[in-house]
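This report refers to the structure that appears directly beneath it.
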Amino acid sequence: MTPKVLAIVFSACKAFVAIADAAGVLSLYKVNGTLLFGHSVVRTDGLDSVVCIKFTTSDENVDSNDLQNLVVVTSLGSLLRLRNLKLAEFEQKLFENNKDISSEVLKSIRSERANVGRLRENALSCVLVHRFQLYRAHTSTD
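For the sequence shown, this note's numbering assigns the number 46 to the initial residue and increments by one for each residue that follows.
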């Protein structure tokens, strides 16, 4: 049985979609259905779950399909940022190789995790994503 989808978001260029499921797996697809990667982002004990995912960039001058970040918020308050999603480069590799590139993609992505504490019922998780993005933009040197 396929796990229930908990969150879904399209990239700004509308060429990619990120999906988080009840099994705690975050997957990034081309909109044609080609899987770029799948990665477990929450514990498998069922105590935590993804409540929000969002594509972001800390640089307004960056093209919407290049150097994206993907921010994930969980019900236990974990904030995970997958950095350096070079979406245009991933797309080119898919075109050139026409094979599974998930291991290559996962090797190129950098991640960081923070914890803000358990989310209250009906918390505005998108606001947390935005705050995390602003915080990282001001404290990051990359």
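Beta carbons are placed, not taken as given, at the ideal position from N, Cα and C, and that holds for glycine.
Secondary structure of residue i, DSSP reduced to three states
i: LEU121; result: coil
i: LYS131; result: coil
i: ASN160; result: strand
Beta-bridge partners of residue i, as assigned by DSSP
i: ILE154; result: Answer by DSSP bridge pairing: none, since ILE154 is not bridged.
i: GLY83; result: SER72
i: VAL50; result: ASP66
i: PHE55; result: VAL62
i: ARG126; result: VAL116 and GLU157
i: SER95; result: Just to set this straight, residue 95 is Val in the shown sequence, not Ser. Paired residue(s): THR119.
Rounded Cβ spacing between residue i and residue j (contact assumed at less than 8 Å)
i: VAL96; j: VAL118; result: 5 Å
i: ARG158; j: SER120; result: Their Cβ separation, rounded to whole angstroms, is 15 Å, which puts ARG158 and SER120 out of contact at 8 Å.
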